[in-house]
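Scroll down for the structure; my scribbles are underneath it.
Residue numbers (our numbering): 247 to 618.
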């Protein structure tokens with residue numbers, strides 16, 4: 247019996263190895279802590295729910311999915327570091343992430359060099375998928391969003407004179423401002439003032455005072471929710487009652503927590519509204535709420551979609567071989583995602599309508615879906 251123990255141990259080790267090989271390892275890099283955690287947390291929850299549902303129904307290619315998640319802590323350069331770990335240490339076959347464009351821009355070149363497919367849930371900067379042919383996303387790009395907002399404020403809000411506030415160290419904000427301005431001016435609008443700030447700033451009174459003097463009809467704040475909420479509070483304190491609007495970077499529960507009553511009557515574009523009456527959305531709402539005890543936001547829905555789009559590509563490829571999965575992702579057509587049917591274009595981006603929300607009585611309210 248004693249002599250047989252090494253053989254038993256080897257057999258157990260072999261069995262464990264084989265069991266590990268029976269899972270498909272998917273890597274996720276996300277901002278679970280730090281200043282972007284409000285987005286990263288709900289996107290992660292959406293991905294977890296998708297993986298759980300896929301595994302409940304047999305996984306992919308008769309194998310269970312194993313999600314390996316690394317927190318980049320919303321720190322510059324950390325996304326590239328954790329992605330290298332997922333690739334070299336954990337040997338993942340594909341990656342999901344990130345919500346923030348600046349984090350995906352750090353990681354995408356590493357992933358492209360490794361020739362592994364990546365599906366971003368919500369990085370809207372157009373340069374993300376330009377990193378290479380293995381990089382995909384399930385959200386619309388910021389250029390699309392800038393065009394949609396320019397159309398919405400002119401056609402629905404009847405605004406012709408806009409002031410712009412841009413976060414100069416945010417690729418997301420700079421990109422959105424550029425495209426919005428081009429489209430708004432091309433459609434006959436006027437930009438009365440352009441002011442800048444940096445992420446982390448807390449005092450915007452000087453910029454808002456200049457905007458007030460310029461006589462705008464609305465303010466476009468193209469950055470993220472923390473600064474957007476402070477901008478709205480300080481604008482109201484200065485007597486600026488004009489509409490303030492922004493993009494999906496506003497879409498976080500903390501927007502209302504920070505901005506409070508100052509957010510009333512503001513608008514932003516995003517990817518998803520739980521108020522959408524479609525059966526797909528309402529069913530997803532119920533499953534997400536049952537799992538996490540809260541109503542899903544756009545990031546949760548996009549995270550969920552990113553995992554299902556990747557799984558669908560693996561199923562159609564009949565393989566987890568990266569090149570085959572990449573080809574299947576590129577061929578994705580009319581996939582029935584929660585955030586809308588997805589067809590990948592030649593640049594690995596989906597074209598979808600944007601959702602416009604407003605804040606009324608302290609709650610998000612669906613306004614409309616807008617195509618460019």
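Idealized CB from N, CA, C, for every residue including glycine. Nothing here was measured: the structure is a model prediction, and the numbers come from that model.
Per-residue burial, residue 359 [other beta carbons within 10 Å of its own, 16 or more giving buried]: Within the chain shown, numbered from 1, the residue matching residue 359 stands at position 113. Exposed, since its Cβ has fewer than 16 Cβ neighbours within 10 Å.
Buried/exposed call for residue 529, threshold 16 Cβ in 10 Å: As a position in the chain shown, residue 529 is number 283, starting the count at 1. By the neighbour-count rule (16 or more Cβ atoms within 10 Å), residue 529 is not buried but exposed.
Short Cβ contact (7 Å threshold) for residue 381 with residue 354: Here residue 381 refers to the residue found at position 135 when the chain shown is read from its first residue. Here residue 354 refers to the residue found at position 108 when the chain shown is read from its first residue. Contact flag set, yes.
Continuous beta strand (DSSP E) stretch holding residue 573: start and end: Counted from its first residue, the chain shown places residue 573 at position 327. That residue, residue 573, is in no beta strand (DSSP E); its alpha helix (DSSP H) goes 568–576.
Residues that DSSP places opposite residue 383 in a beta bridge: For the purposes of this step, residue 383 is identified with residue 137 of the chain shown, where counting begins at 1. In the DSSP output, where bridge partners are listed per residue, residue 383 has 366.
N- and C-terminal bounds of the beta strand (DSSP E) containing residue 308: Taking the first residue of the chain shown as 1, we reach residue 308 at position 62. Premise fails: residue 308 is in no beta strand (DSSP E) and is neither H nor E.
Three-state class that DSSP yields for residue 612 in the structure shown: Position 366 of the chain shown holds residue 612. It is a strand residue.
Contact belief for residue 362 with residue 340 at Cβ below 8 Å, rounded distance in angstroms: For the purposes of this step, residue 362 is taken as residue 116 along the chain shown, with counting starting at 1. For the purposes of this step, residue 340 is taken as residue 94 along the chain shown, with counting starting at 1. That pair is a contact at about 6 Å.
Own chain partners of residue 307 with C-beta closer than 8 Å, once the 5 adjacent residues on each side are dropped: Locating residue 307 in the chain shown gives position 61, where the first residue counts as 1. Same-chain partners within the cutoff: 270, 560, 561, 564, 565 and 566.
Continuous alpha helix (DSSP H) assignments of at least 4 residues falling wholly in the region 511–536: Within the region 511–536, no complete alpha helix (DSSP H) run reaches 4 residues.
Residue 599 versus residue 517 - alpha carbon distance: Here residue 599 corresponds to residue number 353 of the chain shown, with the count starting at 1. Here residue 517 corresponds to residue number 271 of the chain shown, with the count starting at 1. Cα-Cα distance, rounded: 8 Å.
Alpha carbon of residue 524 to alpha carbon of residue 586, nearest angstrom: Residue mapping note: residue 524 aligns to position 278 of the chain shown, counting from 1. Residue mapping note: residue 586 aligns to position 340 of the chain shown, counting from 1. Using only the alpha carbons, I get a separation of about 10 Å.
Span separating the alpha-carbon of residue 389 from that of residue 337: Counting from one through the chain shown, the residue named residue 389 turns up at place 143. Counting from one through the chain shown, the residue named residue 337 turns up at place 91. Approximately 34 Å, taken between the alpha carbons.
Helix, strand or coil at residue 406 [DSSP, three-state]: Taking the first residue of the chain shown as position 1, residue 406 is located at position 160. Three-state result, residue 406: coil.
DSSP state of residue 551 mapped onto helix, strand, coil: Your numbering for residue 551 matches position 305 in the chain shown. Looking at residue 551 - three-state DSSP - the assignment turns out to be helix.
Option in 322, 305, 590 and 293 with minimal Cα separation from residue 315: By 1-based counting over the chain shown, the position of residue 315 is 69. Checked all of 322, 305, 590 and 293; the closest Cα to residue 315 is 293.
Where the alpha helix (DSSP H) through residue 392 begins and ends: By one-based count along the chain shown, residue 392 stands at place 146. Per DSSP, residue 392 belongs to the alpha helix (DSSP H) from 388–401.
Inter-stretch contact (C-beta, 8 Å, three-pair minimum) for the region 508–517 and the region 391–411: A contact is defined here as three or more CB-CB pairs under 8 Å, and the region 508–517 meets this definition with respect to the region 391–411.
Reduced DSSP category for residue 290 - H, G, I as helix; E, B as strand; rest coil: Residue 290 sits at position 44 when you count from the first residue of the chain shown. Residue 290 falls in the helix class under three-state DSSP.
Distance between residue 268 and residue 472 (C-alpha atoms, nearest Å): Here residue 472 refers to the residue found at position 226 of the chain shown. Here residue 268 refers to the residue found at position 22 of the chain shown. Distance between the alpha carbons of residue 472 and residue 268 is about 43 Å.
Cross-strand partners of residue 272 (DSSP beta bridge): Residue numbering aside, residue 272 sits at position 26 when the chain shown is read from its first letter. Looking at the DSSP output, residue 272 bridges to 313 and 340.
Opposing strand residues paired with residue 443 [DSSP bridges]: Taking the chain shown and counting its residues from 1, the one referred to as residue 443 is at position 197. BP columns for residue 443 point to 413.
For residue 603: DSSP bridge partner residues: Taking the chain shown and counting its residues from 1, one reaches residue 603 at position 357. 514 and 612.
The region 483–494 contacting the region 461–471, beta-carbon criterion three pairs below 8 Å: With a cut-off of 8 Å, the region 461–471 and the region 483–494 count as touching, because enough Cβ pairs lie within range.
Any non-hydrogen atom of the ligand SAM closer than 6 Å to residue 389 Cβ: Absence of the ligand SAM is noted for the structure shown, with no ligands found whatsoever.
For residue 324 and residue 304, the rounded distance between their alpha carbons: In the chain shown, residue 304 corresponds to position 58, counting from 1. In the chain shown, residue 324 corresponds to position 78, counting from 1. Separation of residue 304 and residue 324 (C-alpha to C-alpha, rounded to the nearest whole angstrom) is 34 Å.
DSSP state of residue 506 mapped onto helix, strand, coil: Indexing the chain shown from 1 puts residue 506 at position 260. Helix at residue 506.
7 Å Cβ cutoff met for residue 318 and residue 275: Mapped onto the chain shown, residue 318 falls at position 72. Mapped onto the chain shown, residue 275 falls at position 29. Contact: yes.
Test item: CB-CB of residue 410 and residue 450 under 7 Å: For this step, residue 410 is matched to residue 164 along the chain shown. For this step, residue 450 is matched to residue 204 along the chain shown. Contact flag unset, no.
Beta-carbon spacing of residue 413, residue 443 below 7 Å: Here the question's residue 413 lines up with position 167 in the chain shown. Here the question's residue 443 lines up with position 197 in the chain shown. Yes; because the gap between Cβ atoms is below 7 Å, this pair is in contact.
Simplified DSSP assignment, three categories, for residue 374: Along the chain shown, read from residue 1 onward, the residue named residue 374 stands at position 128. The answer is coil: DSSP assigns residue 374 none of H, G, I, E or B.
Three-state secondary structure assigned by DSSP to residue 421: The count along the chain shown starts at 1 and reaches residue 421 at position 175. Correct three-state label for residue 421: helix.
Assumed close pair residue 589, residue 596 - CB separation to whole angstroms, cut-off 8 Å: Along the chain shown, read from residue 1 onward, the residue named residue 589 stands at position 343. Along the chain shown, read from residue 1 onward, the residue named residue 596 stands at position 350. Confirmed, about 6 Å.
Proximity below 7 Å, CB of residue 311 to CB of residue 357: Residue 311 sits at position 65 when you count from the first residue of the chain shown. Residue 357 sits at position 111 when you count from the first residue of the chain shown. Cβ distance not < 7 Å, so residue 311 and residue 357 don't count as in contact.
Straight-line gap, residue 502 to residue 509 (C-alpha atoms, nearest Å): Locating residue 502 in the chain shown gives position 256, where the first residue counts as 1. Locating residue 509 in the chain shown gives position 263, where the first residue counts as 1. Whole-angstrom Cα-Cα distance: 7 Å.
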